[in-house]
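The next block holds one structure in the form of structure tokens; read it before the comments.
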Amino acid sequence: MSIGKKDILKNIGLTIYRGELFALMGPSGAGKTTLLRILNLFDDPASGDLMFGGMLLNNSTFGEKNNIRRRMSMLFQTPAVFNTSVFDNVAYGLKIRKADKDTIEKKVGNALSIVGLAGKEKQKALTLSGGEAQRMAFARAIVYDPDVLLLDEPTANLDPANVAKIEEIIKRIRSEHGTTIVIATHNIYQVKRIADRVGILLNGELIEVNSKEGIFSSPLDARSSAFINGEMIY
Ligand SMILES: Nc1ncnc2c1ncn2[C@@H]1O[C@H](COP(=O)(O)OP(=O)(O)OP(=O)(O)O)[C@@H](O)[C@H]1O
Ligand SMILES: [Mg+2]
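Here it is in structure tokens:
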């Protein structure tokens, strides 16, 4: 994908399988967010094929893309917090999907209880702590039961207790809904705890895609092992 004259992503060949938890790793600026935005159909790649469930999206209409986008959800690296109540922040995705009032009440309540924020419905979202705001954003991302959940560094800047909470939520969503999850993360221990497969992005190129076991015990690319061992790679 190119923005202006700069190639941000190059030669990306990647299949995400239904129900898997795929971790996207790579140094800052490698292109993780850009790739997630393409998967979420926010940005179009400049060239190449993009498929969802066997359907080629290159020439699909806005309406067709919108239908697919509605089955997906992205938790942004810096989630926006609207200056309304926690309830209204979480209800957003249901309202734009025109869900009825009872459904909204039920689903928002359920999402808030999953993320451990039950009882905070009426609180102003801007008064939440950082960790709570992150969990609220998580609730907003899962409230409409997406088939695909794209998580952009959901635990960056959180203390270990909040990291553990978010990981529990991820595991629960997966086991209850079979959600396909792609997570961008810098946290190698997190990848070891929750991922099935791992892709390493370096300078916009996916240098390796491997099982979690493979990437940690016998990486195929020397740069992957350098990255995993915390060495600077470019
Ligand atoms: N809209 C844009 N215009 C110009 N350059 C962009 C744009 N979006 C991203 N980039 C550049 O593309 C590169 C990849 O950015 P991206 O945000 O995808 O990295 P990242 O892997 O998510 O990094 P981080 O770990 O810091 O979040 C960066 O060099 C960034 O400056
Ligand atoms: Mg990013």
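According to this note's numbering, the sequence shown is numbered sequentially starting from -16. No residue lacks a Cβ here, since even glycine has one placed at the ideal position from N, Cα and C.
- In this structure, ASP135 has its CB closer than 8 Å to one or more heavy atoms of ligand 2.
- PHE210 counts as buried, since at least 16 other C-beta atoms from the protein chains shown sit within 10 angstroms of its C-beta.
- Going by C-alpha positions, TYR172 is about 24 Å away from ALA122.
- Per DSSP, reduced to three states, the secondary structure at ILE51 is helical.
- By the CB criterion at 9 Å, GLY161 and MET8 fall outside the cutoff.
- Straight across, the Cα-Cα distance linking GLY213 with LEU184 is about 14 Å.
- Residues VAL69 of the same chain have their beta carbon placed closer than 6 Å to that of LYS103, with the five preceding and five following residues left out of the count.
- By the beta-carbon neighbour count (other beta carbons within 10 angstroms, threshold 16), PRO143 is exposed.
- The C-alpha of PRO129 lies about 33 Å from the C-alpha of LEU203.
- For TYR127, the closest of LEU189, GLU150, SER56 by C-alpha to C-alpha distance is SER56.
- Each residue's CA atom was taken as its position, placing LYS89 and VAL73 some 12 Å apart.
- Taking the CA atoms as reference points, SER43 sits about 10 Å from MET34.
- Taking a C-beta distance under 9 Å as the contact criterion, GLN60 and ASP(-10) do not qualify as a contact pair.
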